[in-house]
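Novice: Position 56 of the sequence shown, counted from 1, bears residue number 56 in UniProt numbering, the numbering being contiguous throughout.
The structure that follows is given in the form of structure tokens.
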Amino acid sequence: MTPGSQEVPGDVAGQAKLATASLAAALKELEAAAQDIVMLRVYVVDATSETFGQAVAPLRELFGDAMPSITTIGVQALYRPDIKVEIEMVVRLP
């Protein structure tokens, strides 16, 4: 989740931005584009409609005109207590 040496932000919005940057880097490494994203699953700890919105907002910028399937899932916890957002991406390679 942390590209380079960045620290993990403490809030959902900051973590979603960081995770989205990681997804964009993965797409670039794969020589893929947003149109190649098939599906995303967004896991949010202690989810509300507000935190779901914060988690998905940075993804909209990444997508551009692409419209992949997105599932948002509220969870009690993730692998570390300070992690509030996890995003899983499935890409179809050209």
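A virtual CB, placed ideally from N, CA and C, is assigned to each residue, including glycine.
These numbers were taken from a predicted model, which means no experiment stands behind them.
Do the CB positions of A16 and A57 come within less than 8 Å of each other?
Specialist: Yes, these two residues count as a Cβ contact at 8 Å.
Novice: Could you check if E29 is buried or exposed, using at least 16 other CB atoms within 10 Å of its CB as the buried criterion?
Specialist: Per the 10 Å Cβ criterion, exposed.
Novice: Any idea if V85 is buried or exposed, counting beta-carbon neighbours within 10 angstroms, 16 or more meaning buried?
Specialist: By the neighbour-count rule (16 or more Cβ atoms within 10 Å), V85 is buried.
Novice: Among T20, V8, D46 and P94, whose alpha-carbon lies nearest the alpha-carbon of residue 151?
Specialist: With the chain running from 1 to 94 in the structure shown, residue 151 is simply not present.
Novice: What residue does the beta strand (DSSP E) around T20 start on, and which one ends it?
Specialist: Not the beta strand (DSSP E): T20 falls in the alpha helix (DSSP H), residues V12 to E29.
Novice: From the DSSP output, in three-state form, read off T48 for me.
Specialist: T48: coil per DSSP, three-state reduction.
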